[in-house]
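Colleague: Numbering that gives the first Met the number 0 numbers the first residue of the sequence shown as 0 and each following residue consecutively.
If you scroll down you'll find the structure; I have some questions about it.
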Amino acid sequence: MNSASQRLLAIAQELALEDPTFFEKKGAGVGDRATAAFMHELRRRAASSFGIDHAEQTICGTNKLCVDYYYRDEATIVEVALSLRNPTSEFERDILKAIMAQDNGHPVRRLVFISKPGAARRLGAPSSRAIIEWAARAHDLMISVHEIVPG
Numbered sequence: 000m001n002s003a004s005q006r007l008l009a010i011a012q013e014l015a016l017e018d019p020t021f022f023e024k025k026g027a028g029v030g031d032r033a034t035a036a037f038m039h040e041l042r043r044r045a046a047s048s049f050g051i052d053h054a055e056q057t058i059c060g061t062n063k064l065c066v067d068y069y070y071r072d073e074a075t076i077v078e079v080a081l082s083l084r085n086p087t088s089e090f091e092r093d094i095l096k097a098i099m100a101q102d103n104g105h106p107v108r109r110l111v112f113i114s115k116p117g118a119a120r121r122l123g124a125p126s127s128r129a130i131i132e133w134a135a136r137a138h139d140l141m142i143s144v145h146e147i148v149p150g
């Protein structure tokens with residue numbers, strides 16, 4: 000993982016450990032609000048740490064799609080996908096956004112997912128592995144998953 004990705008993961012890890020309920024499944028509504036609060040604070044802390052706001056970059060063309068974080072000098076997109084462990088997630092959509100960014104002239108060689116425990120196991124399934132391998136082979140896009148872990 001690149002240094003910017005490592006720094007962002009460390010910030011996310013620290014922030015998660017400050018919330019004793021972070022790893023609990025909360026359900027719709029409560030979970031959505033908790034995720035929004037986490038993302039807001041992560042963005043604030045990351046911007047402070049990096050000295051610039053790398054969040055919500057619209058690099059996918061003239062549409063309104065944006066990536067969570069984009070580090071151009073490292074050709075890396077980071078998606079904070081806390082629900083990646085669930086059967087339904089934005090995994091495929093996030094990969095498509097990275098490919099669209101490439102297609103629009105942005106250097107993207109790495110897509111890093113930051114998620115809760117269980118994401119790596121779920122993405123180890125044959126269908127997910129096939130997508131990851133295809134993205135590497137067809138688009139030179141290396142995909143990795145890093146989990147925020149309980150203290």
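Using N, Cα and C, we set each Cβ at its ideal position, and we do this for glycine too.
Because the structure is a prediction, the values reported are computed rather than measured.
Following the continuous beta strand (DSSP E) through SER114, name the residue where it begins and the one where it ends.
Modeller: Indexing the sequence shown from 1 puts residue 114 at position 115. Following the DSSP letters along the chain, one finds SER114 inside the beta strand (DSSP E) bounded by residues 109-114.
Colleague: Just how far apart, CA to CA, sit ASP31 and MET99?
Modeller: As a first step, residue 31 is located in the sequence shown; it is residue number 32 there, counting from the start. As a first step, residue 99 is located in the sequence shown; it is residue number 100 there, counting from the start. Taking the straight line from one Cα to the other gives about 27 Å.
Colleague: List the DSSP bridge partners of MET152.
Modeller: Since the first and last residues shown for the chain are 0 and 150, residue 152 lies out of range.
Colleague: Please report the straight-line C-alpha distance between ALA9 and ALA118, rounded to a whole angstrom.
Modeller: Against the sequence shown, residue 9 aligns to sequence position 10. Against the sequence shown, residue 118 aligns to sequence position 119. ALA9 and ALA118: Cα-Cα distance of roughly 17 Å.
Colleague: Among all the DSSP beta bridges, which residues are the ones paired with GLN56?
Modeller: What you label residue 56 is simply residue 57 of the sequence shown in a count that begins at 1. According to DSSP, which records beta bridges pairwise, GLN56 is partnered with VAL66.
Colleague: List the endpoints of the continuous beta strand (DSSP E) containing THR20.
Modeller: To locate residue 20, count along the sequence shown from 1; it is residue 21. That residue, THR20, is in no beta strand (DSSP E); it is neither H nor E in DSSP.
Colleague: If you follow the beta strand (DSSP E) that ILE98 is part of, which residue opens it and which one closes it?
Modeller: Taking the sequence shown and counting its residues from 1, the one referred to as residue 98 is at position 99. Per DSSP, ILE98 is not a residue of any beta strand (DSSP E); the alpha helix (DSSP H) it occupies stretches across 90-102.
Colleague: Would you check if the distance between the CB atom of LEU95 and the CB atom of SER114 is smaller than 8 Å?
Modeller: As a working note, residue 95 is residue 96 in the sequence shown. As a working note, residue 114 is residue 115 in the sequence shown. Not in contact: LEU95 and SER114 (Cβ atoms no closer than 8 Å).
Colleague: State the CB to CB distance for the pair ILE147 and ALA11, rounded to an integer number of angstroms; the pair is presumed to be in contact (CB under 8 Å).
Modeller: Translated into the one-based positions of the sequence shown, residue 147 becomes position 148. Translated into the one-based positions of the sequence shown, residue 11 becomes position 12. About 6 Å; that satisfies the 8 Å criterion.
Colleague: Please report the straight-line C-alpha distance between PHE22 and PRO149, rounded to a whole angstrom.
Modeller: Here residue 22 corresponds to residue number 23 of the sequence shown, with the count starting at 1. Here residue 149 corresponds to residue number 150 of the sequence shown, with the count starting at 1. In a straight line, the C-alpha of PHE22 is about 7 Å away from that of PRO149.
Colleague: Along the chain, where does the beta strand (DSSP E) that runs through THR75 open and close?
Modeller: For this step, residue 75 is matched to residue 76 along the sequence shown. Where THR75 is concerned, the enclosing beta strand (DSSP E) stretches over 75-79.
Colleague: To the nearest angstrom, report how far apart TYR69 and PRO19 are at their CA atoms.
Modeller: Indexing the sequence shown from 1 puts residue 69 at position 70. Indexing the sequence shown from 1 puts residue 19 at position 20. Their Cα atoms are separated by approximately 29 Å.
Colleague: Assign HIS39 to buried or exposed, taking buried as 16 or more other Cβ atoms, counted over all protein chains shown, within 10 Å of its Cβ.
Modeller: Taking the first residue of the sequence shown as 1, we reach residue 39 at position 40. The residue is exposed, with fewer than 16 neighbouring Cβ atoms inside 10 Å.
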